[in-house]
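First comes the structure, then the notes that go with it.
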Amino acid sequence: MGSFIRRFLLTKPKPGTPRKTLDAFRNTYGTIDAVAGTSKAVYTVATVGPLAAAAAALENFKWESEIALLKDRVTNLEAALQETQQGYHHLQADHTELSKEHEEVMKKVKEMKELSQKINKHKP
Numbered sequence: 001m002g003s004f005i006r007r008f009l010l011t012k013p014k015p016g017t018p019r020k021t022l023d024a025f026r027n028t029y030g031t032i033d034a035v036a037g038t039s040k041a042v043y044t045v046a047t048v049g050p051l052a053a054a055a056a057a058l059e060n061f062k063w064e065s066e067i068a069l070l071k072d073r074v075t076n077l078e079a080a081l082q083e084t085q086q087g088y089h090h091l092q093a094d095h096t097e098l099s100k101e102h103e104e105v106m107k108k109v110k111e112m113k114e115l116s117q118k119i120n121k122h123k124p
């Protein structure tokens, strides 16, 4: 029976294979997609029905760990984004403060130029 299963999974079903046979086999042993990703894993896992369920559980565990890693990465990226936004707000505040100082300096420069022109007018 085991060699039949291996042969059945590793080869395409013949065009005349009844649908009931295919469905019964897949209900008992699972599909290639659900069992594992490689033909080698399918070859060993699909020979025994309970092992197919264990392989599917292992595959789910793998995806759950991948999802957990991605969630951690998203959390880290969100923290970095928040730090960047805070830095941006600090830079904006500094820019506003420097703009005000620049305006004051430019007013004083203008006053000095006017004063210099007045002095130059009164020079002999």
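Going by UniProt numbering, the residue at position 61 of the sequence shown is 61; the numbering climbs one at a time, nothing skipped.
Think of the CB as a built atom: it goes at the ideal place given N, C-alpha and C, for glycine as much as any other residue.
Alpha carbon to alpha carbon, how far is residue i from residue j?
i      : j      : result
HIS89  : LEU81  : 12 Å
ALA57  : TRP63  : 10 Å
ILE119 : VAL105 : 21 Å
GLU97  : HIS122 : 38 Å
GLY87  : GLU59  : 42 Å
LEU77  : LYS107 : 44 Å
SER99  : ASP72  : 40 Å
PHE61  : LEU70  : 14 Å
LEU115 : THR75  : 60 Å
GLU83  : GLU103 : 30 Å
ALA68  : ALA93  : 38 Å
LEU91  : LYS113 : 32 Å
GLN85  : GLN117 : 47 Å
Could you pull out every residue in the same chain whose Cβ sits closer than 6 Å to the Cβ of residue i, ignoring the five residues on either side in sequence?
i     : result
ALA79 : none
When you measure from the CB of residue i to every non-hydrogen atom of the ligand NAP, does any distance come out below 8 Å?
i     : result
ASP72 : This structure lacks the ligand NAP; in fact it carries no ligand of any kind.
Cutting at 7 Å between CB atoms, please list the residues of its own chain near residue i, excluding the five before and the five after it.
i      : result
LYS110 : none
Excluding five sequence neighbours on each side, which residues of the same chain lie with their C-beta closer than 8 Å to the C-beta of residue i?
i     : result
SER65 : none
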